[in-house]
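Counting from 1, one number per residue, gives the positions in the sequence shown under the numbering used here.
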Amino acid sequence: MTWTFRNRIELQPHCRLQHPGPEWVLEDSGSGRHVKLTGRSRVDVPVLQIIQQGIDAIPPASETPIQDSTILVLSGTGYESENDALSYGELWRGRLMRAFVTLNIAAVFDERPGAGFTSYGLASIGRGTRVLNDSLKLWAYEENAQEPRFIAANPVSEFWITSPHERLASALVDAVEHGALTRELQVSYSLYSSSFGGAPEARFAMLMIAFESLLKVKPRSSNVQEHVRSMRSATANSGLPASEIASINGALKWLLNQSIGQSGRELASSLGLRDYLPEAPDKFFTNCYTVRSRLVHGNHPIPSADELGILAAPLERMVAELIVRASLVDEDHSEDQPDRQTSD
Numbered sequence: 001m002t003w004t005f006r007n008r009i010e011l012q013p014h015c016r017l018q019h020p021g022p023e024w025v026l027e028d029s030g031s032g033r034h035v036k037l038t039g040r041s042r043v044d045v046p047v048l049q050i051i052q053q054g055i056d057a058i059p060p061a062s063e064t065p066i067q068d069s070t071i072l073v074l075s076g077t078g079y080e081s082e083n084d085a086l087s088y089g090e091l092w093r094g095r096l097m098r099a100f101v102t103l104n105i106a107a108v109f110d111e112r113p114g115a116g117f118t119s120y121g122l123a124s125i126g127r128g129t130r131v132l133n134d135s136l137k138l139w140a141y142e143e144n145a146q147e148p149r150f151i152a153a154n155p156v157s158e159f160w161i162t163s164p165h166e167r168l169a170s171a172l173v174d175a176v177e178h179g180a181l182t183r184e185l186q187v188s189y190s191l192y193s194s195s196f197g198g199a200p201e202a203r204f205a206m207l208m209i210a211f212e213s214l215l216k217v218k219p220r221s222s223n224v225q226e227h228v229r230s231m232r233s234a235t236a237n238s239g240l241p242a243s244e245i246a247s248i249n250g251a252l253k254w255l256l257n258q259s260i261g262q263s264g265r266e267l268a269s270s271l272g273l274r275d276y277l278p279e280a281p282d283k284f285f286t287n288c289y290t291v292r293s294r295l296v297h298g299n300h301p302i303p304s305a306d307e308l309g310i311l312a313a314p315l316e317r318m319v320a321e322l323i324v325r326a327s328l329v330d331e332d333h334s335e336d337q338p339d340r341q342t343s344d
């Protein structure tokens, strides 16, 4: 038996690849391994119809010229094991991403965790035909005599997030009574709302940016500030090159105020006894901030899509609650706030 890797890819709006054929062979080594990129057309069928009629409700996937496709499939066949297939799949996926970014082509290679049908659901839909989830991520399957049919769940953007009208009316009455979001908080809300429907990495990173936009960094104690100023003075008189002195003193200046980590824990603690995953707010923020550093600074282990997805749901709730809470606080916005910083 051999294994095949597969990664369904969705191009972002206004992005296309100029290749006239439905298939682009990326590697054909002659050793049985074959890597290709294939264009696909989207076929939307209601889930209820699929459950009732099975795989017969879904027309077989038709190949589409890549230049006309918003959906692409990166696949490679002929690998001796699942690990071998995934290893080469990761290599080719990374190569394709590099080519895309060179040409300013944006695409989604990974979806939020949890999408797709269960094994029981696939068997019920297939009714004797081998059916597999066509996940928007890198995965591998064992080849056999029966060519599988692939089925993709609708993208998250096609689902609706809604609530009863009475709740919306109540929330609006509360907003009228306690005041609208300030211009500053509207920026936080825009960052928060931009996280919806994104890939796990983009969703998590955007939520963390929205959180950090809510921070009000405070000065450290007078003793700490005095110590920092002594270090800046010593650096100024160190005899080092002027460029090095400016760089070091620029970094030391941030130490006059709280770090993002300290300020974030303090802000999260303002939520009281709520639980997130289930952790106290400050501990949950610390966990998220550590994962954020691993993600944006490339620290190993790089967080997986599953890890980011698990954290993003409660983080989304935390950010929303903090925005609402911030709108209730009567602050004097005319006072200057200390400069923000990025150290832990």
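Glycine is no exception: its CB is placed at the ideal position from the N, C-alpha and C atoms.
With 16 or more other Cβ atoms inside 10 Å of its own Cβ, tyrosine 79 counts as buried.
For valine 224, the enclosing alpha helix (DSSP H) stretches over residues 222-236. Between the alpha carbons of isoleucine 151 and proline 278 lies a distance of about 34 angstroms. Taking the Cα of serine 75 as reference, the smallest distance to any Cα among Leu207, Arg232, Ser194, Phe109 is reached at Phe109. A direct Cα-Cα distance of roughly 17 angstroms separates glutamine 52 from arginine 149. When the five nearest sequence neighbours on each side are left out, the beta carbons in the same chain lying within less than 7 angstroms of the beta carbon of tyrosine 88 are those of Phe5, Gly76, Tyr79, in order along the chain. Residue environment: valine 45 is assigned as exposed (fewer than 16 neighbouring CB atoms within 10 Å of its CB, all protein chains considered).
The residue among Asp306, Leu328, Val25, Arg33 with its C-alpha nearest the C-alpha of valine 73 is Val25.
Rounded to the nearest whole angstrom, the C-alpha separation of histidine 178 and arginine 325 is 11 angstroms. Looking only at Pro22, Ser69, Leu214, Glu266, the smallest Cα-Cα distance to valine 43 is reached by Ser69.
Looking at the DSSP output, valine 108 shares a beta bridge with Glu10.
If you check the CB distance, arginine 274 and proline 281 come in under 8 angstroms.
The three-state reading of DSSP puts asparagine 249 in helix, counting H, G and I together.
Excluding sequence positions up to five before and after threonine 235, its CB lies within less than 8 angstroms of the CB of Ile245, Ile248, Asn249, Leu252, all in the same chain and listed in chain order. Taking 4 residues as the shortest admissible run, the region 123-209 contains the following complete alpha helix (DSSP H) segments, listed from N- to C-terminal end: 165-178, 183-194. Here serine 269 has Pro281, Asp282 as same chain residues with Cβ atoms under 7 angstroms from its own Cβ, once five neighbours each way along the sequence are excluded.
A direct Cα-Cα distance of roughly 11 angstroms separates proline 219 from glutamine 262.
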